[in-house]
Structure formats: structure tokens, C-alpha cells
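Trainee: Residues 8 to 225 in the numbering used here are what the sequence shown spells out, letter by letter.
Take this structure, written in C-alpha cells, and hold onto it; I'll ask about it next.
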Amino acid sequence: MPPFGELKLSRRHVLMATAGTLALGAMPGHARAQDLGRPTPPLAVGAPSLANVSFTVNGVSHQLDLDTRTTLLDALREHLNLTGSKKGCDQGQCGACTVIVEGRRIASCLSLAIMHQGDAITTIEGLGTPDNMHPMQAAFVKHDGYQCGYCTPGQICSAVAELDEIKAGIPSHVTADLEAMPQLTNAELRERMSGNICRCGAYSNIAEAISDVAGRPA
């Protein structure tokens with residue numbers, strides 16, 4: 008082997024050595040140990056932190072022992088078997104999981120169940136049944152406000168809460184006069200429903216259904 012001073016290193020050799028060092032450093036500790044022939048240390052797995060949560064869903068009181076990381080959507084779907092609320096993007100952007108909590112609509116995938124201690128929650132199952140539909144459900148059927156139907160529960164919950172917001176005088180980003188009661192104009196309807204995505208593109212029929220319930224021309 009030539010003396011250190013006589014070694015000839017190319018730029019390519021230096022880059023390869025640097026990349027190998029960085030890759031080894033980025034490996035998890037147990038993977039590095041396995042690669043180097045040492046015993047693999049056990050991964051630390053802690054017991055989940057549980058909390059007792061009490062809330063009312065569709066008029067029925069429930070008490071659940073839940074992992075504190077459980078979202079409201081998962082509590083409804085996995086623990087109460089209320090599967091009408093759908094898990095779409097799981098990032099709060101599609102609106103498929105919309106439910107009504109204390110009269111206000113929320114994306115249940117972004118809200119932890121433990122945040123709703125004592126709250127009154129309404130899901131699509133609590134609005135109406137096939138034999139006794141809520142007016143908004145009946146309007147969606149009348150105006151064919153759906154295609155695949157996946158987003159429809161969230162659309163209907165959002166639409167019901169939207170009309171209640173207007174009745175309560177709650178403005179939106181497009182409300183022109185903050186001193187007057189907001190009206191369900193086309194701009195208001197589009198803005199207030201903008202958080203609910205319909206990938207089938209049934210927006211015009213959804214707007215007609217909401218307008219029908221609100222008693223205004225579509």
C-alpha cells in the first residue's frame with residue numbers, strides 16, 4: 008500500500024465515500040446495529056394513554072375509553088359504528104367527514120375525540136332516516152345531488168349547518184355587509200360549501216338542493 012501522501016483520490020471517490028457516510032448516519036439505530044453485526048436493541052413501545060370521553064351523538068349518550076390520539080371521526084366510525092361520516096383525505100381538505108358539533112360543522116378527522124367532552128354531536132345518521140328524511144336529504148334525492156355518494160353525508164351535514172349559520176347572522180369571507188343579515192346568494196353558497204369537495208362534479212345539483220331547502224330560486 009502506498010504511503011498516505013502518495014494516495015490519489017478522485018472527486019468521484021470522495022463523493023462516493025461522503026454519500027456512504029451520510030447514508031449510514033441516516034439509518035435507524037437498530038438497522039445500523041444489524042448492519043454492523045451487533046445485536047439489535049428492542050424498539051421502545053409504550054402503552055397508549057387512555058381517557059374516558061363522554062358525549063352525546065344523535066341524541067344518545069356515550070362513554071368511551073379512548074386512546075388520547077383518537078380522532079372524533081375514528082371514534083364515530085370505529086367505536087360507535089356510525090360509518091356514514093367518511094374518511095376521505097384524512098387531512099381536513101375534502102369535507103367527507105363533516106359532522107355538526109354544538110350546532111357548528113367541523114372536519115371530524117382533524118379533531119381529537121377528547122376535545123369534545125360533553126358535546127352534542129350530529130352525524131348524517133342523526134339527521135334523518137330513509138323513512139323520515141331531513142328536508143336537506145330529501146332535496147339531495149330530488150335534485151340528484153350526488154353520484155358516487157361518498158361525499159354526500161359530509162355535503163348534507165355542511166349544507167344543514169350552512170343554512171343555520173346564515174340564520175344566526177354569521178358572516179363568511181364574501182359577506183358584503185357585515186352589519187346586515189347575510190343572504191344565501193350564489194357567492195355565499197359557493198364560499199360556505201367550498202370546504203366540501205365532490206369529485207364527481209355534482210356541484211350544480213348540490214346548489215339546487217340547498218337553494219330548494221332555503222326557499223330561493225336556484
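Even for Gly, the Cβ is constructed at its ideal location relative to N, Cα and C.
Values in this document were obtained by computation on a predicted structure and should not be read as measured data.
Exposed or buried, what is PRO224 when buried is set at 16 or more other beta-carbons lying within 10 Å of its beta-carbon?
Mentor: It counts as exposed.
Trainee: Helix, strand or coil, according to DSSP, for ARG76 in the structure here?
Mentor: coil
Trainee: Mapping the DSSP letters down to three states, classify ALA40 as helix, strand or coil.
Mentor: The predicted position of ALA40 is uncertain, since its pLDDT is 47 and thus under 50; a value taken from the coordinates is nonetheless stated next. Reduced to three states, the DSSP call for ALA40 is helix.
Trainee: For the beta strand (DSSP E) that contains ALA58, what are its first and last residues?
Mentor: 57-64
Trainee: Helix, strand or coil, according to DSSP, for LEU89 in the structure here?
Mentor: coil
Trainee: Terminal residues of the continuous alpha helix (DSSP H) containing ARG223?
Mentor: Unbroken run through ARG223: none, as it is neither H nor E.
Trainee: Tell me whether the segment 130-144 and the segment 96-103 touch, counting them as touching only if at least three CB pairs, one residue from each stretch, are closer than 8 Å.
Mentor: no
Trainee: Starting from ILE107, trace the beta strand (DSSP E) in both directions and tell me its first and last residue.
Mentor: 105-108
Trainee: Looking at the unbroken alpha helix (DSSP H) that takes in LEU204, where does it start and where does it end?
Mentor: A quick correction: the sequence has Ile, not Leu, at residue 204. Careful: ILE204 lies outside any alpha helix (DSSP H) and carries neither H nor E.
Trainee: Taking all protein chains shown into account, decide if CYS104 is buried (16 or more other Cβ within 10 angstroms of its Cβ) or exposed.
Mentor: buried
Trainee: Between ALA166 and MET200, is the Cβ-Cβ spacing less than 9 Å?
Mentor: yes
Trainee: Determine the direct distance from the alpha carbon of CYS205 to that of SER68, and round the result to whole angstroms.
Mentor: 32 Å
Trainee: If contacts are defined as beta-carbon pairs under 8 Å, then THR77 and SER56 qualify, I think. What distance do you get, rounded to the angstrom?
Mentor: That belief does not hold up - the Cβ atoms of THR77 and SER56 are roughly 11 Å apart, past 8 Å.
Trainee: State the Cα-Cα distance for the pair CYS164 and HIS141, rounded to the nearest angstrom.
Mentor: Rounded to whole angstroms, CYS164 and HIS141 show a C-alpha spacing of 10 Å.
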